[in-house]
Ligand code: SF4
Ligand code: SF4
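Written out as structure tokens, the structure reads:
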């Protein structure tokens, strides 16, 4: 998800790579798990998250939709996000003990927080968003970015994250262009240009169907399946 940031005001001003030490520590906010209680609709799931959810919840999109995640439009394309519990207002996957019910399979957004990614040209750096939680402890630097994320085979994951960012960014650009075209009257028909709204919906649904709705084969490596699906979508 794109977000325009004021880097000087919202981060510690540094750009990190995965091997860099970073000054953070999480104590679960003394059992309050503040970040998991203020998610609203901000935790957007990517295909790797969907694969991990499928593993831990025992079912894919059909099993989790409406229970753990819903859909919303993010910069022109439709993507799933983690739902809030109607009773508590916290993330639907936060247990009554204040612990994440899927901790070892938690989404990438949750693993990162309060880190973020700043995409620059053909890569990205990690950034530390300050003032968002009490984890940023200036006196400690006992964890690396890679250690904080705790993702197996991080290099492969980072290549995938960049690939997914590029794909969603290009789809968002295409969706914006189609939305602009759809809003303009066509000179021929004196109405909107024929087909543009339909194209816009198809563009959004194609991404959703290929990378989320179709279950992953959990006996196979995620990345193999992601790149197969990527090849399929880029052929269209
Ligand atoms: S990541 Fe930060 S806000 Fe979330 S539980 Fe840990 S200390 Fe609290
Ligand atoms: S999935 Fe887990 S870590 Fe992420 S917001 Fe929900 S409870 Fe917190």
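Numbering (the numbering used here), first residue to last: 334 to 569. Beta carbons: idealized from backbone N, C-alpha and C, even for Gly. As the structure is a computational prediction, the values presented were derived from the model and not from experiment.
Next item on the list: Determine the extent of the beta strand (DSSP E) in which residue 405 is found, giving its start and end residues.
Entry: Taking the chain shown and counting its residues from 1, the one referred to as residue 405 is at position 72. Taken as a continuous stretch (DSSP letters only), the beta strand (DSSP E) holding residue 405 covers 402-407.
Next item on the list: Ignore the nearest five residues each way along the sequence and tell me which others in residue 431's own chain have a CB closer than 6 Å to its CB.
Entry: One-based indexing of the chain shown puts residue 431 at position 98. 364, 366, listed in sequence order.
Next item on the list: Enumerate in chain order the residues of its own chain whose CB-to-CB distance from residue 401 is below 8 Å, with the five nearest sequence positions on each side excluded.
Entry: Numbered from 1 along the chain shown, position 68 holds the residue referred to as residue 401. So the list reads 386, 390, 415, 416, 425, 426, once near-sequence residues are dropped.
Notebook entry, point to check: How many Å lie between residue 454 and residue 361 at the Cα?
Noted result: Here residue 454 refers to the residue found at position 121 when the chain shown is read from its first residue. Here residue 361 refers to the residue found at position 28 when the chain shown is read from its first residue. Going by the C-alpha atoms only, they are around 35 Å apart.
Next item on the list: Would you identify the three-state DSSP class for residue 357, choosing helix, strand or coil?
Entry: Looking up residue 357 in the chain shown gives position 24. Reduced to three states, the DSSP call for residue 357 is strand.
Item checked: Pick from 547, 568, 564 that is closest to residue 383, judged by C-alpha positions -> The residue you call residue 383 lines up with position 50 of the chain shown. It is 547 whose Cα lies nearest to the Cα of residue 383.
Item checked: Cβ pair residue 511, residue 410 closer than 8 Å -> The residue you call residue 511 lines up with position 178 of the chain shown. The residue you call residue 410 lines up with position 77 of the chain shown. Not a contact, by the Cβ cut-off of 8 Å.
Margin query: Give me the residue from 352, 374, 373 with the minimum Cα distance to residue 475.
Written below: In the chain shown, residue 475 corresponds to position 142, counting from 1. The option with the nearest alpha carbon to residue 475 is 352.
Notebook entry, point to check: CB of residue 359 to nearest heavy atom of ligand 1: below 7 Å?
Noted result: Counting from 1 along the chain shown, the entry for residue 359 is found at position 26. Result yes, Cβ under 7 Å from ligand 1.
Check: Can you find a heavy atom of ligand 1 that lies under 7 Å from the Cβ of residue 423?
Finding: The residue given as residue 423 occupies position 90 in the chain shown. It does not: the Cβ of residue 423 is nowhere closer than 7 Å to a heavy atom of ligand 1.
Checklist line | Contact under 8 Å by Cβ, residue 435 with residue 412 | finding: To locate residue 435, count along the chain shown from 1; it is residue 102. To locate residue 412, count along the chain shown from 1; it is residue 79. Cβ distance not < 8 Å, so residue 435 and residue 412 don't count as in contact.
Next item on the list: Label residue 421 either buried or exposed according to how many other C-beta atoms from any shown protein chain fall within 10 Å of its C-beta, with 16 as the threshold for buried.
Entry: Within the chain shown, residue 421 is the residue found at index 88, counting from 1. It is exposed - the Cβ of residue 421 has fewer than 16 other Cβ atoms within 10 Å.
Notebook entry, point to check: Among the residues of its own chain, which have a CB less than 6 Å from the CB of residue 464, if the five just before and after it don't count?
Noted result: Along the chain shown, read from residue 1 onward, the residue named residue 464 stands at position 131. Contacts found: none.
Next item on the list: List the whole-angstrom C-beta distance separating residue 515 from residue 530, where the pair is believed to meet the contact cut-off of C-beta under 8 Å.
Entry: Translated into positions along the chain shown, residue 515 becomes position 182. Translated into positions along the chain shown, residue 530 becomes position 197. Confirmed, about 5 Å.
Check: Would you call residue 347 buried or exposed, if buried means 16 or more other Cβ atoms sit within 10 Å of its Cβ?
Finding: Numbered from its first residue, the chain shown carries residue 347 at position 14. Answer is exposed; the Cβ neighbour count stays below 16.
Notebook entry, point to check: Tell me the DSSP bridge mates of residue 457?
Noted result: As a working mapping, residue 457 is identified with position 124 in the chain shown. In the DSSP assignment, residue 457 is bridged to 452.
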